[in-house]
Amino acid sequence: MEPLLDIRGLAKSFTLHNQGGVTLPVLAAVDLSVRAGECVALHGRSGTGKSTLLRTLYGNYRVGSGELWVRHGAARIDLAQASPRQIIELRRSTIGYVSQFLRVIPRVAALDIVAEPMRARGLGAEAALERAAALLTRLNVPERLWHLAPATFSGGEQQRINIARGFAVEYPILLLDEPTASLDGDNRTSVIGLIDEVLARGTAIVGIFHDGEVRERVASRLYDMTEAKAA
Amino acid sequence: MSALPLLDEEPPLLVVEGLTVAYGARVGCRDVGFELWPGEVLGIVGESGSGKTSLLNALSAKIEPAAGRIRYRLRDGTMADLFDLSEAARRQLLRTDWGVVHQNPRDGLRLTVSAGANVGERLMAIGARHYGEIRGSALDWLGKVEIDRDRIDDRPSSFSGGMQQRLQIARNLVTNPRLVFMDEPTGGLDVSVQARLLDLIRGLVADLGLSAIIVTHDLAVARLLAHRLMVMRGGEVVESGLTDQVLDDPQHPYTQLLVSSILQV
């Protein structure tokens, strides 16, 4: 079976032009393939480039060099060469990303934030809101919060909105940045349940899981970040 | 397998090549090129004097560029060179297919006639004559931009800055344009008023499938509204790309400086 995500020789560094032109090499050579139904946990201490790799896979950071092949329907696209419009299209339909922090949009209610990616894929308003409500219920977000903008929510509540949004659409590829970081026991179990379901459906996941228990439970294998440094 | 077979079968709405604006010896903007697709929002960011407004004025046919081409896809699908069109055809385009939202609502509204007339006027310019229908559309649009319908007969001079800006947006969108230019649409407004306006613009652009070019010095506004960004300095585009990529992984020294200069709340 062909991988959904195929990373070859990916390197990424940051040049800080206004701080003496210092260049920080973060990733030197990432080779990683992820197949349908696989969950790869990025493993390494903080500062080893886990978040940088995840953000690069989402097109949030530019690929320095190397290839980053993404299966998109019947096609394969190298994210390193993709145009902004192509990346937007990939994010709409192929790659989902649950970041650690919710980027709050003024005045937009939690329910609409969760429904938005479904609406963007053409799902009717009613069906999208229905599924959004089901996800929020499953993640124990109290109904009284659904129609409020999440700016004032707690960290854990915001994170669950973010998770609901990320799981609202059946993306073939899902990137998870510490999805259980600020969650307690029951909510952690709900998130593990969601991860299990999408893996069973054939989603390919790349994630950062600091919580060892969660990692043990969901990861098919680990990718050791020290490999990313070995050039 | 072909490398990039994704959605590029759709032709762009606007194609800009080598656009240069000069005021005598002084250059407003130099050699700017980009394409804009239907439904896409392009943000142009940079500080005062970076050439953003010169570029916008040339794009919206307010001033004639010293060099370069602007081509626009008309409703019948043909690609027209903006400055090959007759003056009358260009004005017709501005009145019907395009909208321009100015930073100062006073530049885009007529303050001495009622709110309803401000909206209705654009409709009359494209041939609407039925009073009831024009008033109906005006009422409908006041509702969409969250202005109380019973303010329809009031003059915009009695409106707050935020309301005036929303009225200006209604006036522009009532003719169902395909391309809207916005120059610092939230500039000069209180932050709470800004948030409401941004949310409104965001919703309208998505619901109507509009293409928009938004000039702003506010990177947070750009992040919220634009799919793609062009960063300008000294009349030139120094960096362009996907909005969050430009803001989170800026490559050019000037973009890095802009991004790192944002105060954290």
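Chains as they are written, first to last, in our numbering: chain B, 637 to 867; chain A, 673 to 937.
Don't be surprised by glycine CBs; every beta carbon is placed ideally from N, CA and C.
Item, Value
"Terminal residues of the beta strand (DSSP E) in which Thr651 of chain B lies", "641 to 652"
"Whole beta strand (DSSP E) elements within the region 794 to 877 of chain A, 3-residue minimum", "851 to 855"
"Cut-off 7 Å between Cβ atoms - residues of its own chain near Gly875 of chain A, not counting five sequence neighbours on either side", "none"
"Residues sharing a beta bridge with Trp770 of chain A, DSSP", "A:Leu851"
"Beta-carbon gap between Arg843 of chain A and Arg794 of chain A smaller than 8 Å", "yes"
"Rounded separation between Leu811 of chain A and Ile841 of chain A - CA only", "14 Å"
"Nearest-angstrom beta carbon gap, Leu691 of chain A and Gly740 of chain A [assumed within contact, 8 Å]", "4 Å"
"Contiguous alpha helix (DSSP H) assignments of at least 4 residues, all confined to the region 707 to 752 of chain B", "720 to 729"
"Extent of the continuous alpha helix (DSSP H) run through Phe803 of chain B", "791 to 803"
"Buried or exposed (CB count within 10 angstroms, at least 16 for buried), Arg837 of chain B", "exposed"
"DSSP-derived helix/strand/coil call for Met673 of chain A", "Below a pLDDT of 50, predicted positions are generally treated as unreliable, and Met673 of chain A, at 36, falls in that range; no measurement from the model is reported."
"Beta-carbon neighbours of Gly696 of chain B, restricted to chain A and to distances below 9 Å", "Just to set this straight, residue 696 of chain B is Asn in the shown sequence, not Gly. By Cβ distance, chain A contributes Leu914, Asp916, Gln917, Asp920, Asp921."
"Cβ pair count under 8 Å reaching 3, the region 814 to 833 of chain B against the region 645 to 665 of chain B", "no"
"Cβ-Cβ distance between Gly695 of chain B and Leu715 of chain B below 8 Å", "yes"
"Any C-beta of chain A under 8 Å from that of Leu704 of chain B", "no"
"Cross-chain neighbours of Leu652 of chain B in chain C, by beta carbon under 8 Å", "Structure shown: chain C not included; protein chains present are B and A."
"Cα-Cα separation between Asp642 of chain B and Val854 of chain B, rounded to whole angstroms", "21 Å"
"Closer than 8 Å to chain A by CB, Val744 of chain B", "yes"
"Interface residues of the region 847 to 863 of chain A facing chain B [CB-CB below 9 Å]", "none"
"C-beta neighbour in chain A for Met741 of chain B, strict 8 Å", "The identity of residue 741 of chain B in the sequence shown is Ile, whereas the question assumes Met. Yes, its Cβ sits closer than 8 Å to a Cβ of chain A."
"Chain B within 8 Å of Leu708 of chain A, Cβ atoms only", "no"
"Any chain A beta carbon closer than 8 Å to Arg721 of chain B", "yes"
"Residue interval of the alpha helix (DSSP H) (run including Arg691 of chain B)", "686 to 693"
"Beta-carbon spacing of Pro922 of chain A, Glu908 of chain A below 8 Å", "no"
"Whole-angstrom distance between His783 of chain B and Leu765 of chain A, CA atom to CA atom", "41 Å"
"Beta-carbon gap between Thr725 of chain A and Asp855 of chain A smaller than 8 Å", "yes"
"Entirely enclosed alpha helix (DSSP H) segments - the region 758 to 786 of chain B, minimum 4 residues", "761 to 774"
"Length of the line joining the Cα atoms of Gly802 of chain B and Tyr697 of chain B", "19 Å"
"Distance, Ala785 of chain B Cα to Ala789 of chain A Cα", "35 Å"
"Option in A:Ala733, A:Asp916, A:Val717 with minimal Cα separation from Val688 of chain A", "A:Ala733"
"Alpha-carbon spacing of Ala864 of chain B relative to Asp813 of chain B, whole angstroms", "18 Å"
"Nearest neighbour of Phe755 of chain A, chosen from A:Leu731, A:Val877, A:Asp748, A:Gly771 [CA to CA]", "A:Leu731"
"Ala840 of chain B - partner residues in DSSP beta bridges", "B:Ile809"
"Residues sharing a beta bridge with Met904 of chain A, DSSP", "A:Val909"
"Chain A contact residues for Ile724 of chain B, given Cβ-Cβ distances below 8 Å", "His899, Leu914"
"Three CB pairs or more closer than 8 Å across the region 714 to 732 of chain B and the region 666 to 682 of chain B", "no"
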